[in-house]
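Read the structure below first, then the notes.
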Amino acid sequence: MTRSIAALKVRTKIKTDIRRQEAKRQRSAQRGRVWQRLSQSVSPYALLIWTGFYVSCLGLFLLGHETMPYRVGQRITQNITSRVDFQVENRDETEKRREEAREAAPNIYEPNPVPLETIRAELTHLLNLAKEANDNAEEFMTKAEAKHWSFEDPALAMKTLLEEYGNAEAGARKFESMIARVTDNLAAQRIVDQVIDELTRKRTPPNSILRRPGQPDVEVATTQLQTVKDSKIEQIIINAANQVVGEAYIPLALTDPVSALISRTLAKTTAGESHYTPLWKYDGGQTRKEMELAAQRQEPVVNRFQWGDVLVRAEPKTVLGNQNIELLLAENQHYLALQKTDTYLRREKLLQQIGWGVVFFVLTLGLVVYSVSYQPRVLRKPARTLALACLALLTIALSRLFRYPLNWPTELTVGLVVMAAAFLTIAYNQRFAFGVGGVLAAMVTVACQGTFGLFITHMTALGLTVFSLREVRTRSKIIAVGAVSALGTMIVCVCINLIDGQSPKYVLSHGLAAGGAALGAGFLVQGLLPTFEKIFGIATSMTLLEWCDASRPLLRRLAQEAPGTYSHSLILSQMVEEAAESIGARGLLARVGAIYHDIGKIQKPGYFVENQEARISRHDRLSPTMSLLVIVGHVKDGVELARAYGLPRILHQFILEHHGTTVVRYFHYLASEAAARNSKIKGKHDREVAESEFRYAGPKPGSKEAAILMICDGCEGAVRAINEPTPGRIESTVHQVVMERLTDGQFDDCDITMRELSLVEQSLVKSLCAVHHGRIKYPKKGADKEKALDPAPTTEDADTVRPSAAGQAAQEVAPQS
Numbered sequence: 033m034t035r036s037i038a039a040l041k042v043r044t045k046i047k048t049d050i051r052r053q054e055a056k057r058q059r060s061a062q063r064g065r066v067w068q069r070l071s072q073s074v075s076p077y078a079l080l081i082w083t084g085f086y087v088s089c090l091g092l093f094l095l096g097h098e099t100m101p102y103r104v105g106q107r108i109t110q111n112i113t114s115r116v117d118f119q120v121e122n123r124d125e126t127e128k129r130r131e132e133a134r135e136a137a138p139n140i141y142e143p144n145p146v147p148l149e150t151i152r153a154e155l156t157h158l159l160n161l162a163k164e165a166n167d168n169a170e171e172f173m174t175k176a177e178a179k180h181w182s183f184e185d186p187a188l189a190m191k192t193l194l195e196e197y198g199n200a201e202a203g204a205r206k207f208e209s210m211i212a213r214v215t216d217n218l219a220a221q222r223i224v225d226q227v228i229d230e231l232t233r234k235r236t237p238p239n240s241i242l243r244r245p246g247q248p249d250v251e252v253a254t255t256q257l258q259t260v261k262d263s264k265i266e267q268i269i270i271n272a273a274n275q276v277v278g279e280a281y282i283p284l285a286l287t288d289p290v291s292a293l294i295s296r297t298l299a300k301t302t303a304g305e306s307h308y309t310p311l312w313k314y315d316g317g318q319t320r321k322e323m324e325l326a327a328q329r330q331e332p333v334v335n336r337f338q339w340g341d342v343l344v345r346a347e348p349k350t351v352l353g354n355q356n357i358e359l360l361l362a363e364n365q366h367y368l369a370l371q372k373t374d375t376y377l378r379r380e381k382l383l384q385q386i387g388w389g390v391v392f393f394v395l396t397l398g399l400v401v402y403s404v405s406y407q408p409r410v411l412r413k414p415a416r417t418l419a420l421a422c423l424a425l426l427t428i429a430l431s432r433l434f435r436y437p438l439n440w441p442t443e444l445t446v447g448l449v450v451m452a453a454a455f456l457t458i459a460y461n462q463r464f465a466f467g468v469g470g471v472l473a474a475m476v477t478v479a480c481q482g483t484f485g486l487f488i489t490h491m492t493a494l495g496l497t498v499f500s501l502r503e504v505r506t507r508s509k510i511i512a513v514g515a516v517s518a519l520g521t522m523i524v525c526v527c528i529n530l531i532d533g534q535s536p537k538y539v540l541s542h543g544l545a546a547g548g549a550a551l552g553a554g555f556l557v558q559g560l561l562p563t564f565e566k567i568f569g570i571a572t573s574m575t576l577l578e579w580c581d582a583s584r585p586l587l588r589r590l591a592q593e594a595p596g597t598y599s600h601s602l603i604l605s606q607m608v609e610e611a612a613e614s615i616g617a618r619g620l621l622a623r624v625g626a627i628y629h630d631i632g633k634i635q636k637p638g639y640f641v642e643n644q645e646a647r648i649s650r651h652d653r654l655s656p657t658m659s660l661l662v663i664v665g666h667v668k669d670g671v672e673l674a675r676a677y678g679l680p681r682i683l684h685q686f687i688l689e690h691h692g693t694t695v696v697r698y699f700h701y702l703a704s705e706a707a708a709r710n711s712k713i714k715g716k717h718d719r720e721v722a723e724s725e726f727r728y729a730g731p732k733p734g735s736k737e738a739a740i741l742m743i744c745d746g747c748e749g750a751v752r753a754i755n756e757p758t759p760g761r762i763e764s765t766v767h768q769v770v771m772e773r774l775t776d777g778q779f780d781d782c783d784i785t786m787r788e789l790s791l792v793e794q795s796l797v798k799s800l801c802a803v804h805h806g807r808i809k810y811p812k813k814g815a816d817k818e819k820a821l822d823p824a825p826t827t828e829d830a831d832t833v834r835p836s837a838a839g840q841a842a843q844e845v846a847p848q849s
């Protein structure tokens, strides 16, 4: 018993070791296959392009610098301390002191020449009146009163004027001296204009300046000035006039008249309203200049901080304002400047850059590996690789630009992710777009130094865009997808900021920024879509629907010159679309590809059985080799027509690949029979003529849609060649054609699976049964009234001329190939 248990343990251990070794071998083989597939898929050009992409990304990081992760309105949970000793100007305090200096700056007044010139002119005129009167006191009095002069004794006043100032030389000098004393004494009076800027100044300055051209400024206390708006201005003017006359040494007979002249010049009454003329005018321009000079003379107020000082203290209601952001920006600038000279900080920055470089290398490698796994054709075509790399690099560059130097909110980068996701979904498929978009979202988050919450926001926008944008059949589809993405992104962004404890204003503004960026991206994608289609060589559903229009010149030509082929293409398009949709492929693309796949038959329509009339085949007069050239040539002719008529490049693959590298079985059979008769050797026909000589040039189908078209094209022709296409026969024929294509390796270049082939087979059987359904045969008159179900007779004459070989032979025989 013990020996049995021991032996059992030994056998169990041996089996376990064998399974472990087998698992290791399988893992090693799998890794080997992955690297082998990677080396085969990545061409030297693709490797060069992705290397350039990586180097460009590093360059973008080296060009920028570390940006500050704080925004206005953001709530902080930890104290923000200084990383460097620095000083910064306290702008608020400096501006406060400069404003005080402006308010303290004096008002500037300049002389008002109008009243002085008026007084001079009036006195001169009075002297002239005295000279003109010729000692006639009455005449002098009459003319003087007309000019508002009033004298107690006109004769004495006239005599005084003539005696004192009538002499031509001495009197003139004495008169000018008198006028100068009057005007100078009058100018010394401080009757000033009202300050026009007093409403903009918070307070009246303590001092004012009386400024005469060519003379030193006279600074006086503002309280010593008399304004024309003073309530006692009339008495002030009278007192000033009396003072001027008393200090000017005017003869006694002229004292009162001159005083009255000064009073009525400075104070006038018009229509019952009094108007007062100042002796000094307010100079607003000079005053404002003086205010600015006073502000500039004020030294800036500087705050000094040391390493470790708290710049912003975290409190329950602490929200960063503009002043806080300015202080943090100043600290960051000094820190970046110190990084260039400090050895420790330079080493720290270098290590940080190495870390970013490794992260970007891993993400770039992941992008390449993912492309190899799910879209290997992208890396085999340098143009596609370059377009994908440029799209990724442009997205990263713009996100870096948003962060530095624009320093915009990082939520705006959501729009870049949405645009990239939309373009990738349109160009490829949802799975590839989501995978590549996820890597791009991570790169954008790293590029703008975002948080994990920003990455979640990016992934939300990415998922909503990719999985909402399956097909673009209408122009409003992209806008609708952008709106859905905007709404979802905004909700997620708001929730993340609420979790972080941000203020409501901050949450709302950044949520709107994320949603607005996603919505704006939808409009941009809509506008850039035609250009994008040309760059990537793709066609959206809108474009494909336009090419479905029967009025297209190429389709009209196909219907007129090859009506049988046109009918066959329309029937095939329905079957292909249903089969493609059954496995989640692009049904519309497959349908349009089926419509145009045989356009090459336009060049020689009579050589293909569906276009032949009266059961006459032109191949009867040709050798099998010549017939082969005609049949195979319709692929090349189709591509040339597609280019001539501007067919989208994505549809060219259906023309090139719908036969793959299959054998033109019927003409290969005829060639083998002819070789056998010539050599008189029976039973070794296939060995005499190699199948490789009768194969299409290819390439094999590279997409699921092209593979489905190949299957449907072969099955439709094979079933049409059946005499009585019952459901059982249809199912058997379809399965036989699918297996022939599979064993022939026609699906090696596309990623269609066995399960998908089974679904395609089921869909195709259903469609063919619907086309070849049974019909009731109605009895003729006089015959037995018997109802029977009988399948519709075939219209093709292939059974009379083709050997009963495989279903593929039935299709490719005279020329539905």
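Just so we're aligned: the sequence shown equals residues 33 to 849 in our numbering. C-beta: ideal position from N, C-alpha, C; glycine also.
Cβ of Leu540 within 8 Å of any chain B Cβ = In the displayed structure, chain B is absent; only one protein chain is listed.
inquiry  = Which residue wins for smallest C-alpha separation from Gly91, given the options Ala429, Arg618, Gly638?
reply    = For the purposes of this step, residue 91 is taken as the residue at position 59 of the sequence shown. Restricting attention to Ala429, Arg618, Gly638, the CA atom closest to the CA of Gly91 is found in Ala429.
ask   = Is Trp579 helix, strand or coil by DSSP?
value = Indexing the sequence shown from 1 puts residue 579 at position 547. Looking at Trp579 - three-state DSSP - the assignment turns out to be helix.
Residues near Thr506 by beta carbon distance below 8 Å, same chain, minus five either side = In the sequence shown, counting from the first residue as 1, residue 506 sits at position 474. Only Met574 meet the Cβ criterion.
key: Contacting residues, own chain, Cβ-Cβ under 8 Å from Asn217 (five flanking each side not counted)   = Mapped onto the sequence shown, residue 217 falls at position 185. Here the set comprises Gln275, Val276, Glu279, Ala280.
ask   = DSSP beta-bridge partners for Thr785?
value = The residue given as residue 785 occupies position 753 in the sequence shown. As computed with DSSP, Thr785 is found in no beta bridge at all.
ask   = What is the rounded straight-line gap between the Cα of Ala587 and the Cα of His600?
value = Position 555 of the sequence shown holds residue 587. Position 568 of the sequence shown holds residue 600. The amino acid occupying residue 587 in the given sequence is Leu; Ala does not appear at that position. Spanning the two alpha carbons is a distance of roughly 13 Å.
request  = Tell me whether Trp181 is buried or exposed, calling it buried when 16 or more other Cβ atoms sit within 10 Å of its Cβ.
outcome  = Translated into positions along the sequence shown, residue 181 becomes position 149. Around the beta carbon of Trp181, 16 or more other beta carbons sit within 10 angstroms, so the residue counts as buried.
request  = Give me the Cα-Cα distance between Ala841 and Phe568, rounded to the nearest whole angstrom.
outcome  = Counting from one through the sequence shown, the residue named residue 841 turns up at place 809. Counting from one through the sequence shown, the residue named residue 568 turns up at place 536. Any answer about Ala841 is weak, because its pLDDT of 37 lies below 50 and its placement is not dependable; what the coordinates show is given next. C-alpha separation (whole angstroms): 37 Å.
task = Go ahead and label Glu828 buried or exposed: buried means 16 or more other beta carbons lie within 10 angstroms of its beta carbon, across all protein chains shown.
result = As a first step, residue 828 is located in the sequence shown; it is residue number 796 there, counting from the start. The pLDDT assigned to Glu828 is 34, lower than 50, so where the model puts this residue is not dependable; a value taken from the coordinates is nonetheless given after this. Using a 10 angstroms sphere on the CB of Glu828, the tally of other CB atoms reaches 16 or more, which defines it as buried.
CB of Asn144 within 8 Å of CB of Lys313, strictly = Here residue 144 refers to the residue found at position 112 of the sequence shown. Here residue 313 refers to the residue found at position 281 of the sequence shown. It is a contact, given that the beta carbons lie within the stated cut-off.
ask   = Which stretch, first to last residue, makes up the beta strand (DSSP E) that contains Pro143?
value = Position 111 of the sequence shown holds residue 143. Taken as a continuous stretch (DSSP letters only), the beta strand (DSSP E) holding Pro143 covers 139-143.
query = What do you reckon, are the CB atoms on Ile615 and Lys736 nearer than 8 Å?
reply = Counting from 1 along the sequence shown, the entry for residue 615 is found at position 583. Counting from 1 along the sequence shown, the entry for residue 736 is found at position 704. Contact flag set, yes.
Cα-Cα separation between Pro759 and Ser795, rounded to whole angstroms = The residue given as residue 759 occupies position 727 in the sequence shown. The residue given as residue 795 occupies position 763 in the sequence shown. Going from the Cα of Pro759 to the Cα of Ser795 covers about 13 Å.
query = Is it buried or exposed for Thr259, if we count other Cβ within 10 angstroms and need 16 for buried?
reply = In the sequence shown, counting from the first residue as 1, residue 259 sits at position 227. Around the beta carbon of Thr259, 16 or more other beta carbons lie within 10 angstroms, which makes this residue buried.
query = Can you tell which of Thr150, Pro562, Lys175, Gln330 has its C-alpha closest to the C-alpha of Ala162?
reply = On the sequence shown, residue 162 is found 130 positions in, with the first residue counted as 1. Ranked by Cα distance from Ala162, the first of Thr150, Pro562, Lys175, Gln330 is Lys175.
key: Presumed contact (8 Å Cβ cut-off) between Thr492 and Gly520, rounded CB distance   = What you label residue 492 is simply residue 460 of the sequence shown in a count that begins at 1. What you label residue 520 is simply residue 488 of the sequence shown in a count that begins at 1. The Cβ separation is near 6 Å, so the contact holds.
ask   = Where do the N-terminal and C-terminal ends of the alpha helix (DSSP H) with Ser541 fall, by residue?
value = Taking the sequence shown and counting its residues from 1, one reaches residue 541 at position 509. First-last of the alpha helix (DSSP H) with Ser541: 536-568.
ask   = Since Val391 contacts Ala611 with CB under 8 Å, what's their CB separation in whole angstroms?
value = As a working mapping, residue 391 is identified with position 359 in the sequence shown. As a working mapping, residue 611 is identified with position 579 in the sequence shown. Contact annotation, Val391 with Ala611: C-beta distance approximately 44 Å; criterion of less than 8 Å not satisfied.
task = Tell me whether the beta-carbon of Val671 lies closer than 8 Å to the beta-carbon of Val696.
result = The residue given as residue 671 occupies position 639 in the sequence shown. The residue given as residue 696 occupies position 664 in the sequence shown. Taking 8 Å as the Cβ cut-off, Val671 and Val696 do not qualify as a contacting pair.
query = Candidates Glu347, Lys633, Gly638, Tyr628: which alpha carbon is nearest Pro680's?
reply = Start at 1 with the first residue of the sequence shown, and residue 680 comes out as number 648. Nearest C-alpha to Pro680: Tyr628.
Reference Glu305; option with closest CA among Glu266, Val290, Gly316 = In the sequence shown, counting from the first residue as 1, residue 305 sits at position 273. Selected option, being the one with the closest Cα: Glu266.
task = Could I get the ranges of all uninterrupted alpha helix (DSSP H) runs contained in the stretch 187-250, with 4 residues as the minimum, in chain order?
result = Entirely contained in the stretch 187-250, the alpha helix (DSSP H) runs reaching 4 residues are, in chain order, 202-220.
key: Among Gly559, Ile523, Lys537, the one whose alpha carbon lies nearest that of Ile548   = As a first step, residue 548 must be located in the sequence shown, where it is residue number 516. Residue 548 is actually Gly in this sequence, not Ile. Of Gly559, Ile523, Lys537, the residue nearest in Cα terms is Ile523.
ask   = DSSP three-state call for Tyr308: helix, strand or coil?
value = By one-based count along the sequence shown, residue 308 stands at place 276. Of the three classes helix, strand and coil, the one that applies to Tyr308 here is strand, per DSSP.
key: Buried versus exposed call for Ile268 [16 or more other C-beta atoms within 10 Å across all chains shown]   = Numbered from 1 along the sequence shown, position 236 holds the residue referred to as residue 268. The residue is buried, with at least 16 neighbouring Cβ atoms inside 10 Å.
inquiry  = Using the Cβ count rule (16 or more neighbours within 10 Å means buried), how would you classify Gly554?
reply    = The residue given as residue 554 occupies position 522 in the sequence shown. Answer is buried; the Cβ neighbour count reaches 16.
Those residues which DSSP pairs with Thr302 across a bridge = The residue labelled residue 302 in the question sits at position 270 within the sequence shown. Glu305.
key: Which of helix, strand or coil DSSP assigns to Ala846   = Position 814 of the sequence shown, counted from the start, is the residue given in the question as residue 846. Unreliable placement is indicated for Ala846, whose pLDDT of 37 sits below 50; the coordinate value is still reported in the next sentence. DSSP, reduced to helix, strand and coil, places Ala846 outside both helices and strands of the structure shown, so it counts as coil.
message = Tell me the residue span of the beta strand (DSSP E) that contains Val344.
response = Numbered from 1 along the sequence shown, position 312 holds the residue referred to as residue 344. Looking at the DSSP string, the run of the beta strand (DSSP E) that includes Val344 is 342-344.
request  = Flag this pair as touching only if the stretch 460-471 and the stretch 75-82 have three or more C-beta atom pairs under 8 Å; answer yes or no.
outcome  = A contact is defined here as three or more CB-CB pairs under 8 Å, and the stretch 460-471 fails this definition with respect to the stretch 75-82.
ask   = DSSP three-state call for Lys633: helix, strand or coil?
value = Here residue 633 corresponds to residue number 601 of the sequence shown, with the count starting at 1. Lys633 sits in a helix when the DSSP states are folded into three classes.
Cα-Cα separation between Ala362 and Pro536, rounded to whole angstroms = Start at 1 with the first residue of the sequence shown, and residue 362 comes out as number 330. Start at 1 with the first residue of the sequence shown, and residue 536 comes out as number 504. Each residue's CA atom was taken as its position, placing Ala362 and Pro536 some 27 Å apart.
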